Amino acid sequence: MPRALWAALAVAVVCALVVGLLWAFQRRLVYLPDDGPVPAAAGGVPGGRDVELTTADGLTLGAWFVPGRAGAATVLVASGNGGRRGRRAPLARALSSAGLAVLLVAAVVELAELAG
97 MPRALWAALA
107 VAVVCALVVG
117 LLWAFQRRLV
127 YLPDDGPVPA
137 AAGGVPGGRD
147 VELTTADGLT
157 LGAWFVPGRA
167 GAATVLVASG
177 NGGRRGRRAP
187 LARALSSAGL
197 AVLLVAAVVE
207 LAELAG
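Counting in our numbering, the sequence shown runs from 97 upward without gaps.
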């Protein structure tokens, strides 16, 4: 076989291996679980407090609320991609420093772990 064909075959095998590994470990790459408990709001964001929100179908969601200046807008921050509220604390601190109220809601992974 010509040398160029061997090189193309090697590149194809390496690419297939990389794609296979990415596919096999995609949940670990997308969802970044945190094994520890969710800290208290005041520990993550100064002035933050723990709140619970109850949905129309009776599900209770944990959240952090950080009050803002009087009349300021409230920013809803969703943890996203399996991250926990604690990972969004720096964003909440920055928004709070700008005078905005912040509500950080529980991630789906937190809800699944709470359910059992």
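C-beta atoms are modelled at their ideal positions from N, C-alpha and C, and glycine is treated no differently. Treat the numbers as computed from the prediction; the structure is a model and nothing was measured.
Taking the Cβ atom as the reference point for each residue, do residue i and residue j lie within a distance shorter than 7 Å?
i           : j           : result
residue 170 : residue 199 : yes
residue 147 : residue 159 : yes
residue 197 : residue 164 : yes
residue 135 : residue 182 : yes
Run the CB neighbour count on residue i, radius 10 Å, all protein chains shown included, and call it buried at 16 or more, exposed below.
i           : result
residue 125 : exposed
residue 191 : buried
residue 94  : The structure shown does not extend to residue 94, since the chain spans only 97 to 212, so no value can be given for it.
residue 139 : exposed
residue 212 : With a pLDDT of only 49 at residue 212, under 50, the local geometry of the prediction cannot be trusted, and no value is derived from it.
So what does residue i bridge to, in DSSP terms?
i           : result
residue 114 : In the DSSP output, where bridge partners are listed per residue, residue 114 has none listed.
residue 102 : Bridge partners of residue 102: none, in fact.
residue 153 : Beta-bridge pairing links residue 153 to no other residue.
Can you tell me where the alpha helix (DSSP H) holding residue i begins and where it ends?
i           : result
residue 159 : Element bounds for residue 159: not the alpha helix (DSSP H) but the beta strand (DSSP E), 156-162.
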